[in-house]
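Per my numbering, the sequence shown runs over residues 7 to 259. Virtual Cβ for every residue (Gly too), placed ideally from N, Cα, C.
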Amino acid sequence: MLGIIGGTGLTQLANLEITHRQVARTPYGEPSGALIFGLICGQEVVFLARHGYGHTIPPHEVNYRANLWALKDHGVDRVVSVATVGGIHPDLIPGTLAIPDQIIDYTHGRSATYAFGNDKPVFHLDFTTPYCEAMRAALLQAAAGAGISLRDGGVYGAVQGPRLETAAEINRIERDGADMVGMTGMPEAYLARELSLCYAAVGVVVNHAAGRGSSADGIQMGEIQAVLGEVMLQVRRLLEQLVINDAAGLCTF
Ligand code: HPA
Numbered sequence: 007m008l009g010i011i012g013g014t015g016l017t018q019l020a021n022l023e024i025t026h027r028q029v030a031r032t033p034y035g036e037p038s039g040a041l042i043f044g045l046i047c048g049q050e051v052v053f054l055a056r057h058g059y060g061h062t063i064p065p066h067e068v069n070y071r072a073n074l075w076a077l078k079d080h081g082v083d084r085v086v087s088v089a090t091v092g093g094i095h096p097d098l099i100p101g102t103l104a105i106p107d108q109i110i111d112y113t114h115g116r117s118a119t120y121a122f123g124n125d126k127p128v129f130h131l132d133f134t135t136p137y138c139e140a141m142r143a144a145l146l147q148a149a150a151g152a153g154i155s156l157r158d159g160g161v162y163g164a165v166q167g168p169r170l171e172t173a174a175e176i177n178r179i180e181r182d183g184a185d186m187v188g189m190t191g192m193p194e195a196y197l198a199r200e201l202s203l204c205y206a207a208v209g210v211v212v213n214h215a216a217g218r219g220s221s222a223d224g225i226q227m228g229e230i231q232a233v234l235g236e237v238m239l240q241v242r243r244l245l246e247q248l249v250i251n252d253a254a255g256l257c258t259f
């Protein structure tokens, strides 16, 4: 089953016919909220709002381990994560959607593995390709089907937040090779790998990163809100098309 993790601006899915809600418990504590099961075009999916349904959980306090564990425990084998980002690459202007293919992790102090305790053998998991290529391909195919333009690829710089960056930090992150910057991409992507979930992200560019373009003199929250409203309509269409393709057996997960 497909799991959808919604970020800022996507705390519910208008096109989801809700069938039931399930409060989940995990060995890692409680997820951000109840799992919402429903149908999109007759196909069962489960939705979880990363920051809680009232958008009250900041990025560094999200229980990423519980969220992914709960999804897997309830039959999810593939995950689309929707996350807002600031655009660093000149192509990534506000309102753009991007499917990143790489990550640089700048976060710290987050519970970033299920491997705790010395009763299990040490393991080191390959993370060369951090996103599931089959899910990335399915998203690109869905975008083509729905007539939505998407940027294929890009490096996601995962920062700690909750504050936004300084202009100098964005310059440094760009020199490192990042194209976009967001606060929730890690450890989510890695934990999905530990659980063998096929995971990919949709980066929703809601602002120019600090010091760039319209954010040259600061990031305007009002501008972010305006972009979010518009672009999330496209994200909803994209997810709907993804599920339609899935139902028609077009996606090979
Ligand atoms: N920086 C970090 N995270 C973000 C940004 C940003 O500019 N925009 C949306 N999430």
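In its chain, beyond the 5 residues on either side, 47, 48 and 49 have a beta carbon closer than 8 Å to the beta carbon of residue 253.
Annotation for residue 166: no alpha helix (DSSP H) segment contains it, and DSSP assigns it neither H nor E.
Judged by their CB atoms, residue 210 and residue 91 are nearer to each other than the 8 Å cut-off. A check of alpha carbon separations from residue 56 across 10, 247 and 28 identifies 10 as the nearest. In this structure, residue 194 has its CB at a distance of at least 7 Å from all heavy atoms of ligand 1.
Around the beta carbon of residue 119, fewer than 16 other beta carbons sit within 10 angstroms, so the residue counts as exposed. In this structure, DSSP gives residue 236 a helical state, which the three-state scheme calls helix. Of the residues assessed, residue 163 falls on the buried side of the cut-off, its CB having 16 or more other CB atoms within 10 angstroms. Cβ-Cβ distances below 7 Å link residue 225 to 170, 213 and 216 in the same chain, with the five nearest sequence neighbours on each side left out; the list follows chain order. For residue 177, there is no enclosing beta strand (DSSP E); the enclosing alpha helix (DSSP H) has its first and last residue at 173-182. When Cβ pairs closer than 8 Å are counted between the two stretches, the region 29-36 is seen not to touch the region 141-157, the count staying below three. Between residue 186 and residue 168, the gap from beta carbon to beta carbon reaches 8 Å or more.
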